[in-house]
Structures are given as structure tokens and as C-alpha cells.
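In the numbering used here, the protein residues as written are 235 to 493.
Pasting the structure below:
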């Protein structure tokens, strides 16, 4: 039987999760038998007020009956602004003003598109899918518009970035830390990793991107980065936090020998 190490298992699970989500997205976008097509003016009638025919909201063009969660969405409730419209943008921004309760998500970064995908999963799981609203995300034929295709592409890119981040975190796990009034701060590495991981120049091929000198991390023993010395996270972090001048990789290696 094939046995995967910790890293292989982690990346395998991440890739599998990404594939499952991607497949689910494709299923969500495809037409379903018996669904309704609503124009925005028709959807606006479903705000859950007296005499209204129901309580609906839309997310990325998909309409859900949220009557079972009426206390959250009915008039006067905290999320009442979502009812009777597609306010996809507000699910990420938290802007519940009329200007913020809109469906334009074209400028949102990959990470926030993943937040929308998580909300979509929530509504698919907890509420009844009713149909689609004609407009930004679906045409009059009920098929995805180019803008929805772009949303799907951004979500896929976000999933890829999340997988890469998991891989990076596995390579460079952060130091564990604790604080007590008696002992102060203490840092240590998890099993199968060791310190230090000195903060080398930003263009170093061995280190994750967007890391600074003041950020300490543990280095897995399987890393290709060769260490000239090994010190505790405690001493490394103390050194990093009390060093103000910039270091080159050689300067830092020389300095670490004195720790």
C-alpha cells in the first residue's frame, strides 16, 4: 500500500478538497430542472413583509427561499437588507447601506471570492434553491453570463492559492508561543521541525514570500535550506525582535553563531 508522509497527505487532502469544490461549483452553475427565472423587480416582492408572497434572497444570481430563517431576514431583522435582492457584495464587505447592498463583485480579490463561495455552500445546504435572477450572473435563458464565468475562475484561483498557502505553512510552520506573568514569553517548535529559520533577503528562493525579518518560523528537517547552527525559537525570536538593522543572509548567519 502507498503511504504518504505528512506533507504528501496534507497536499493530497487540499487538492482533493479543491477538486470537490470545483466540481460542486460546476454543478451549481448548470441549469436545474424546474427552477424559476425571476427579474429583479419580481424578486423585490419577496421581502417577507405583510402581503408579500414569500421571503427570498439571491447570492451570485442564485435565489434561495429563506423563510425558515425568517427571524434573520424579515423586515426589521439584522439581515433584512439582503431580502428580495442580490446583495452578493455585502456578504464580503459588511456594508449594509443601499450603496453596499449590490451584486457587483468584479473587483473583489481571490480571498474574498472564497468567502462568497463559503456563503454559497451555506445557502445550498440550509435553504431551498428556488431559481435564478436574470441580470448580472444569469441571462434570460438561465445560462451563466461571462461575468459569472469570471467569478468561477476567481474562485478556482483562490482555491489554488489556498492550497499553495497550506504547502507553505507546512514547509515553514510558525513557532508555538505562550505567555505567563511568571515566565514571560516562550516560543518552541513542533516535533519534526527545528529553529532557526533566519529571515533571508526577500528574493531568497528558500523562503516564503511576504515574510519579514521580524517573523520567526520553524524549519522542517526535510527543508532544502542548509543551517549552520540550530538554536531555540525562544532565543531566535528574542534576537529577531531586538535587531533593528537590516541583515543580509551572510550577516545573519554570522550573528546566529553567537546565539
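Glycine included, C-beta positions come from ideal geometry on N, C-alpha and C.
Bear in mind the structure is a predicted one, so any value in this text is a computation, not a measurement.
Same chain, Cβ closer than 8 Å to residue i, five either side skipped, listed in chain order
{"i": "residue 327", "result": "334"}
{"i": "residue 342", "result": "323, 326, 350 and 388"}
{"i": "residue 279", "result": "286, 287 and 318"}
{"i": "residue 348", "result": "389, 392, 393 and 396"}
{"i": "residue 352", "result": "none"}
{"i": "residue 418", "result": "none"}
{"i": "residue 329", "result": "323 and 335"}
{"i": "residue 361", "result": "298, 299, 300, 302 and 303"}
{"i": "residue 381", "result": "340, 370 and 371"}
Start and end residues, beta strand (DSSP E) containing residue i
{"i": "residue 291", "result": "290-293"}
{"i": "residue 357", "result": "Counting along the chain, residue 357 falls outside any beta strand (DSSP E), though it belongs to the alpha helix (DSSP H) covering 344-360."}
{"i": "residue 298", "result": "296-299"}
{"i": "residue 412", "result": "410-414"}
Distance CB(residue i)-CB(residue j) smaller than 9 Å
{"i": "residue 369", "j": "residue 295", "result": "yes"}
{"i": "residue 364", "j": "residue 298", "result": "yes"}
{"i": "residue 320", "j": "residue 354", "result": "no"}
{"i": "residue 269", "j": "residue 359", "result": "no"}
{"i": "residue 371", "j": "residue 337", "result": "yes"}
{"i": "residue 374", "j": "residue 271", "result": "yes"}
Close-in-space but distant-in-sequence residues of the same chain around residue i (CB under 7 Å, 5 per side omitted)
{"i": "residue 308", "result": "282, 289 and 314"}
{"i": "residue 304", "result": "282 and 289"}
{"i": "residue 301", "result": "288 and 289"}
{"i": "residue 357", "result": "293 and 298"}
{"i": "residue 346", "result": "326"}
{"i": "residue 384", "result": "none"}
Close beta carbons around residue i, own chain, < 6 Å, minus the five adjacent residues each side
{"i": "residue 497", "result": "Residue 497 cannot be examined here, being either before or after the span of the chain that is shown, 235 to 493."}
{"i": "residue 414", "result": "none"}
{"i": "residue 273", "result": "368"}
{"i": "residue 461", "result": "At residue 461 the pLDDT is 39, less than 50, meaning the model places this residue with poor confidence; the figure from the coordinates comes in the next sentence. Excluding positions up to five away in sequence, the list is empty."}
DSSP bridge partner residues for residue i (one or two, in chain order)
{"i": "residue 270", "result": "365"}
{"i": "residue 333", "result": "DSSP lists no partner for residue 333."}
{"i": "residue 317", "result": "291"}
{"i": "residue 378", "result": "372"}
{"i": "residue 418", "result": "414"}
{"i": "residue 281", "result": "289"}
Opening and closing residue of the alpha helix (DSSP H) in which residue i lies
{"i": "residue 313", "result": "Residue 313 -> no alpha helix (DSSP H), and no H or E assigned at all."}
{"i": "residue 371", "result": "Neither: residue 371 is in no alpha helix (DSSP H) and is coded neither H nor E."}
{"i": "residue 326", "result": "324-327"}
{"i": "residue 307", "result": "304-307"}
Contact with chain B by residue i, beta-carbon distance below 9 Å
{"i": "residue 332", "result": "Although the question refers to chain B, the structure presented lacks it and comprises just one protein chain."}
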